[in-house]
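A.B. asks: When the letters of the sequence shown are read in order and numbered with mature numbering (1 follows the signal peptide of the UniProt record, and there is no 0), they come out as residues -16 to -1, 1 to 302.
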Amino acid sequence: MKLFLVFLVSLPLLDASSDINLLKSQMQKLQTEVTNEKAEIKQLKSRVQTRNGICQINSNRCGSCLCVEDYSLVNDAYYLLPVNYFCDCREKPVRRDCKEHYAQGERINGLYRVSMNIIGHVVQVSCVQNHHHGYGGGWTVVQRRFDGSENFYRSWQEYKHGFGKLQGEHWLGNENLYRLTAQAIVSGSELFVGMMKKSSGWSYMRYTNFDIGRESTGYKLHVSGRQGGSYSGMEKHDGMKFSTYDKDQDPNTSVDCASEMHGAWWYDDCKSTSSRYKSSNLNGAYDEFENLTDAKAAFSFYGSAYRLRSSLMMVRRK
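See below:
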């Protein structure tokens, strides 16, 4: 009877010993995995430190914003593109627009969040808060092109909602542009257009009056009051509706100007030589090597007389 009792008592002890051995084995396995993970993290940190040298060299490069590397960016001081990095300021509070961010003391060119004066509405934008032409800050970038990396021959819906990378080539979106100018209906908005010609030299100008209508109007363009600089051809498109290859709204009923010009814009009569004269096609084909036989379809202005390398369009509430 005693032996039987000892045997009964021994059973749970044997099971406990087996469980302990199993746990030890699992712990050793976990420790090995943790060691491997630590080694991998250390290796990744080393890579990050190597890659993030640009931001680490000058920790104040972006002020209180986050410095983020992007090796697709080129050095173009005129169009406010730094070398291989951009400043991410999207942790800042959401404000009405870039001008309000500027009024609150922001002086870093970078990505911000704005509400366009609509409660609960948040849009990410690229703000220019430090512009070297003496026009100050508070500008919202609507369009930026500089290397042809983004396709601008797109549909109505794509132009409505916007596309591209905010830190690089992009179109903000017609709906965003409408809301941006609509929220400034009392004071009005102004437009800055800057262009770098392929031949040589910069062209830039400011328009003191700018806005576009809602989608039901075809995002109709209103622009006037050119000041300073050169001629961009925007005046030629005043009163025109926006057209894309899948939504033809130009005045010429015999041709689709968006397809003819290989772009999307507030096209006038693209078939008329007199109408094309001094017009612009800032969303035309980025013809870097000038392979297009029809120059009017190229990224250009002044009736295709000047093919472009870069362009920048910015809007600011007055």
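Cβ coordinates follow ideal geometry from the N, Cα and C atoms, glycine included. Given the structure is predicted, the values throughout are model-derived calculations rather than measurements.
If I'm right that G89 touches C73 with Cβ under 8 Å, what's the distance once you round it to whole angstroms?
C.D. replies: Incorrect: roughly 12 Å between the Cβ atoms, too far for contact.
A.B. asks: At a Cβ threshold of 8 Å, is M100 touching chain D?
C.D. replies: As a matter of chain content, chain D is missing from the structure shown, which is built from one protein chain.
A.B. asks: Going residue by residue through the stretch 204 to 235, where are the continuous beta strand (DSSP E) segments of at least 3 residues, counting only ones entirely within it?
C.D. replies: You should have 205 to 211.
A.B. asks: For Y229 versus G132, is the C-beta spacing smaller than 8 Å?
C.D. replies: Contact flag unset, no.
A.B. asks: On a Cα-Cα basis, can you pick out the residue from D240, S184, V112 that is closest to Q151?
C.D. replies: Residue V112 is the option with its Cα nearest to Q151.
A.B. asks: Three-state secondary structure (DSSP) at T124?
C.D. replies: T124: strand per DSSP, three-state reduction.
A.B. asks: Counting beta carbon pairs with one atom in the stretch 132 to 141 and one in the stretch 171 to 185, are three or more of them shorter than 8 Å?
C.D. replies: No, the stretch 171 to 185 is not in contact with the stretch 132 to 141.
A.B. asks: Are the CB atoms of G202 and F176 within a distance shorter than 8 Å?
C.D. replies: Not closer than 8 Å, so no.
A.B. asks: Between which residues of its own chain and C71 is the CB-CB distance below 8 Å, once the five residues before and five after are set aside?
C.D. replies: Here the set comprises R45, C46, G47, C49, L50, C51, V52, I92, N93, G94, L95.
A.B. asks: What are the start and end residues of the alpha helix (DSSP H) that includes T165?
C.D. replies: Start and end: 158 to 166.
A.B. asks: For my contact list, M100 and L14 are in at a C-beta cut-off of 8 Å; report their separation, rounded to the angstrom.
C.D. replies: At roughly 51 Å, the Cβ-Cβ gap does not stay under 8 Å, so M100 and L14 are not in contact.
A.B. asks: According to DSSP, simplified to helix, strand and coil, what is Q108?
C.D. replies: Note: Q108 maps to strand in three-state DSSP.
A.B. asks: Sorry if obvious, but does the Cβ on D131 come closer than 7 Å to a heavy atom of the ligand MG?
C.D. replies: Absent from the structure shown: the ligand MG. Ligands present: none.
A.B. asks: Quick one: grab the DSSP three-state call for W186.
C.D. replies: If DSSP states are grouped into helix, strand and coil, W186 belongs with the strands.
A.B. asks: When the Cα atoms are used, what is the spatial distance from Y290 to G104?
C.D. replies: Near 43 Å, if we compare the C-alpha coordinates of G104 and Y290.
A.B. asks: Whose C-alpha, out of G121, K204, F283, is nearest the C-alpha of C82?
C.D. replies: Of the listed residues, the one whose Cα sits closest to C82 is G121.
A.B. asks: My output table needs one value for C49: the three-state DSSP class, helix, strand or coil.
C.D. replies: It is coil, neither helix nor strand.
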